[in-house]
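One structure is given here, and the rest of the page talks about it.
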Amino acid sequence: MSEIVTGPEGIALGAQRLRAGALVAFPTETVYGLGADALNADAVAKVFSLKGRPSNNPLIVHVCESSMAKRVVDGWTDDATKLADAFWPGPLTLVLRRASCVPDVVTGNGSTVAVRCPEHPVALALIESFGNPIVGPSANPSGYISPTIPEHVRDAFDAEDLIVLDGGHCRTGIESTVLDLSREIPCILRPGVIGAHRISDVLGVDVQTHPIETEPGETRSPGVIGAHYQPGTPARIVSRDALSTTPSSAVLLSWSIESHPNGGEIVVMPSSIGLYARAMYRALHEADRLPGTEIWIESPPLPETDDDRAISSALRERLQRATHA
Ligand code: TXA
Ligand code: MG
Numbered sequence: 022m023s024e025i026v027t028g029p030e031g032i033a034l035g036a037q038r039l040r041a042g043a044l045v046a047f048p049t050e051t052v053y054g055l056g057a058d059a060l061n062a063d064a065v066a067k068v069f070s071l072k073g074r075p076s077n078n079p080l081i082v083h084v085c086e087s088s089m090a091k092r093v094v095d096g097w098t099d100d101a102t103k104l105a106d107a108f109w110p111g112p113l114t115l116v117l118r119r120a121s122c123v124p125d126v127v128t129g130n131g132s133t134v135a136v137r138c139p140e141h142p143v144a145l146a147l148i149e150s151f152g153n154p155i156v157g158p159s160a161n162p163s164g165y166i167s168p169t170i171p172e173h174v175r176d177a178f179d180a181e182d183l184i185v186l187d188g189g190h191c192r193t194g195i196e197s198t199v200l201d202l203s204r205e206i207p208c209i210l211r212p213g214v215i216g217a218h219r220i221s222d223v224l225g226v227d228v229q230t231h232p233i234e235t236e237p238g239e240t241r242s243p244g245v246i247g248a249h250y251q252p253g254t255p256a257r258i259v260s261r262d263a264l265s266t267t268p269s270s271a272v273l274l275s276w277s278i279e280s281h282p283n284g285g286e287i288v289v290m291p292s293s294i295g296l297y298a299r300a301m302y303r304a305l306h307e308a309d310r311l312p313g314t315e316i317w318i319e320s321p322p323l324p325e326t327d328d329d330r331a332i333s334s335a336l337r338e339r340l341q342r343a344t345h346a
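Start counting the sequence shown at 22; every next residue gets the next number (our numbering).
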């Protein structure tokens, strides 16, 4: 049975489990992660097997400061320093050349490693107390909705002996921006709340926002294509104009109306885009548990600022994949 644990005892127990090669779920500002000692190949293999994750999809290595990131990277760059200074701790993941201490299983045998310093006191305390970097994919079965409260993790892995460190409801609510710094032009592989404009401001150059295939069939980040983030109930995105036609058998996620037009279940969403992002995965979990044969998701609120536009494209990517047939 998995268990939610709180406070300093939870962090001490978490570090002890990591040292023993076991898994520990931990909160970050984005989503909950499934942690394991990043330098222990057997421990990392357990993460892939528990999540049912394809072995070619590499994991993010979480650190508590830049000096720890430099241990897993071969050739830390000036750009990495600028970005870490500007955005760490925070929801930006940097892809760089990997150091030889990083096991193949972490990187899917690739030549790069993704690193990030999360902004959550519990995550930072866990890594600091453990003393080494930890891997941390989102703590959900592969392909399913990401977790933003500890109960999502506990319920998904209840058959396991897993501890879940309690960090409340994740503040940002969607995963970090993944930025590839290993090629000539920095490229966003996964959009997040830190947008291209903010990264370009720091680097003084434009960044690419669409990953290109370098070789036919080669994907730079296998985790960023196809169906993902999916509820068990089939879901679709609908425009505001179509809301009145929502069947009563469909659970509706809406930020512009407060009751289901045809008497079915509704999950009311915030109308500010930042709060919408924070609430989205939790709402999808809730909608998935409510009785209904479908989930209808009203298109998210429209962006007004550059920061909003970054969130908007991150939401679009998540929702397109959550509703991918
Ligand atoms: O916000 C986050 O990043 C959360 C929290 C827990 O930190 N973690 C997370 O991990 O979203 P995961 O495993 O669910 O997603 C990691 C993404 C995947 O799309 C994966 O393909 C990509 O990062 N990735 C990891 N290592 C990579 C690498 N070396 N090169 C390119 N993409 C990589
Ligand atoms: Mg994930």
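Here a beta-carbon is modelled for each residue, glycine too, at the ideal position from N, C-alpha and C. Computed from a prediction, not measured in an experiment: that's the story for all the values here.
Any heavy atom of the ligand TXA within a distance shorter than 7 Å of the CB on PRO168?
The residue you call residue 168 lines up with position 147 of the sequence shown. No.
Sort GLU149, LYS67, ASN283, ARG303 by Cα distance to PRO168 and report the nearest one.
Residue mapping note: residue 168 aligns to position 147 of the sequence shown, counting from 1. Among GLU149, LYS67, ASN283, ARG303, the Cα nearest to that of PRO168 is on ARG303.
Can you give me the start and stop residues for the alpha helix (DSSP H) that LEU117 sits inside?
Numbered from 1 along the sequence shown, position 96 holds the residue referred to as residue 117. Counting along the chain, LEU117 falls outside any alpha helix (DSSP H), though it belongs to the beta strand (DSSP E) covering 113 to 118.
Beta-carbon contacts of GLY96 that lie in its chain and below 6 Å, excluding the five residues immediately before and after:
In the sequence shown, residue 96 corresponds to position 75, counting from 1. So the qualifying residues of the chain are ARG118.
Would you say GLU196 touches the ligand TXA, meaning its beta carbon is less than 7 Å from a heavy atom?
Translated into positions along the sequence shown, residue 196 becomes position 175. Indeed, a heavy atom of the ligand TXA lies less than 7 Å from the Cβ.
Kindly indicate which three-state DSSP category ILE148 falls into: helix, strand or coil?
Counting from one through the sequence shown, the residue named residue 148 turns up at place 127. Note: ILE148 maps to helix in three-state DSSP.
Could you pull out every residue in the same chain whose Cβ sits closer than 6 Å to the Cβ of ASP227, ignoring the five residues on either side in sequence?
Position 206 of the sequence shown, counting from 1, holds the residue named residue 227. The beta carbon of ASP227 sits closer than 6 Å to the beta carbons of SER221 from its chain, once the five residues preceding and following it are set aside; these are given in chain order.
From LEU113 to HIS83, what distance separates their C-alpha atoms?
Against the sequence shown, residue 113 aligns to sequence position 92. Against the sequence shown, residue 83 aligns to sequence position 62. Going from the Cα of LEU113 to the Cα of HIS83 covers about 11 Å.
What whole-angstrom Cβ distance do GLY131 and PRO79 have, given they're in contact under 8 Å?
Numbered from its first residue, the sequence shown carries residue 131 at position 110. Numbered from its first residue, the sequence shown carries residue 79 at position 58. Going by Cβ atoms, the distance from GLY131 to PRO79 rounds to 6 Å, so yes, they are a contact pair.
For SER260, count neighbouring Cβ atoms within 10 angstroms of its own Cβ and tell me buried if that reaches 16, exposed if not.
Translated into positions along the sequence shown, residue 260 becomes position 239. With fewer than 16 other Cβ atoms within 10 Å, it is exposed.
Out of LEU71, ALA46, LEU210, ASP309, state which residue places its alpha-carbon closest to the alpha-carbon of GLN251.
The residue you call residue 251 lines up with position 230 of the sequence shown. Closest option to GLN251, Cα to Cα, is ASP309.
My output table needs one value for GLU315: the three-state DSSP class, helix, strand or coil.
The count along the sequence shown starts at 1 and reaches residue 315 at position 294. In the displayed model, GLU315 falls within a strand according to three-state DSSP.
Hey, how far is the Cα of GLY56 from the Cα of ASP262?
Start at 1 with the first residue of the sequence shown, and residue 56 comes out as number 35. Start at 1 with the first residue of the sequence shown, and residue 262 comes out as number 241. Rounded to the nearest angstrom, the two C-alpha atoms are 43 Å apart.
Same chain, Cβ closer than 6 Å to GLN229, neighbours up to 5 away in sequence not counted:
By 1-based counting over the sequence shown, the position of residue 229 is 208. Excluding sequence neighbours, GLN229 sits near ILE206, CYS208.
Measuring from the CB of SER159, is there a heavy atom of the ligand MG at a distance below 7 Å?
By 1-based counting over the sequence shown, the position of residue 159 is 138. Yes; taking the cut-off as 7 Å, the Cβ of SER159 has a heavy atom of the ligand MG nearer than that.
Nearest to PRO158 (by Cα), restricted to the options PHE69, THR133, GLY111:
Translated into positions along the sequence shown, residue 158 becomes position 137. When each option's Cα is compared against that of PRO158, the closest is PHE69.
Does the separation of the CB atoms of VAL26 and ASP187 fall below 8 Å?
Looking up residue 26 in the sequence shown gives position 5. Looking up residue 187 in the sequence shown gives position 166. For VAL26 and ASP187, yes; Cβs fall inside 8 Å.
Does the Cβ of GLU196 have 16 or more other Cβ atoms within 10 Å, making it buried, or fewer, making it exposed?
As a first step, residue 196 must be located in the sequence shown, where it is residue number 175. Buried, because 16 or more other Cβ atoms sit within 10 Å of the Cβ of GLU196.
How close, in whole Å, do the beta carbons of THR254 and ILE316 come, if the pair is a contact with beta carbons under 8 Å?
Your numbering for residue 254 matches position 233 in the sequence shown. Your numbering for residue 316 matches position 295 in the sequence shown. Taking the Cβ atoms as the reference, THR254 lies roughly 5 Å from ILE316, within the contact range of under 8 Å.
Identity of the residues DSSP links to ILE332 by a beta bridge:
For this step, residue 332 is matched to residue 311 along the sequence shown. DSSP output for ILE332 lists no bridge partner at all.
Thinking just about the alpha-carbon of each residue, which of THR98, SER269, GLY194 is nearest to the one in PRO139?
Counted from its first residue, the sequence shown places residue 139 at position 118. Nearest C-alpha to PRO139: GLY194.
Closest to ALA300 by C-alpha separation, out of TRP276, HIS281, LEU60, would be which residue?
If you number the sequence shown from 1, residue 300 lands on position 279. Cα-wise, what sits closest to ALA300 is TRP276.
Is the stretch 319 to 330 touching the stretch 210 to 224, taking contact as three or more C-beta pairs under 8 Å?
yes
Identify which residue in HIS231, ARG74, GLN37 has its Cα closest to the Cα of GLY129.
As a working mapping, residue 129 is identified with position 108 in the sequence shown. Out of HIS231, ARG74, GLN37, ARG74 has the C-alpha closest to the C-alpha of GLY129.
Under 7 Å from any heavy atom of the ligand NAD, does the C-beta of ILE215 make it?
Here the bound small molecules are the ligand TXA and the ligand MG; the ligand NAD is not part of this structure.
On the three-pair Cβ rule with 8 Å, is the stretch 286 to 293 touching the stretch 332 to 344?
no
Opposing strand residues paired with THR198 [DSSP bridges]:
Along the sequence shown, read from residue 1 onward, the residue named residue 198 stands at position 177. THR198 is bridged to LEU113.
So, is ASP99 buried or exposed, given that buried needs 16 or more other C-beta atoms within 10 angstroms?
Position 78 of the sequence shown holds residue 99. It is exposed - the Cβ of ASP99 has fewer than 16 other Cβ atoms within 10 Å.
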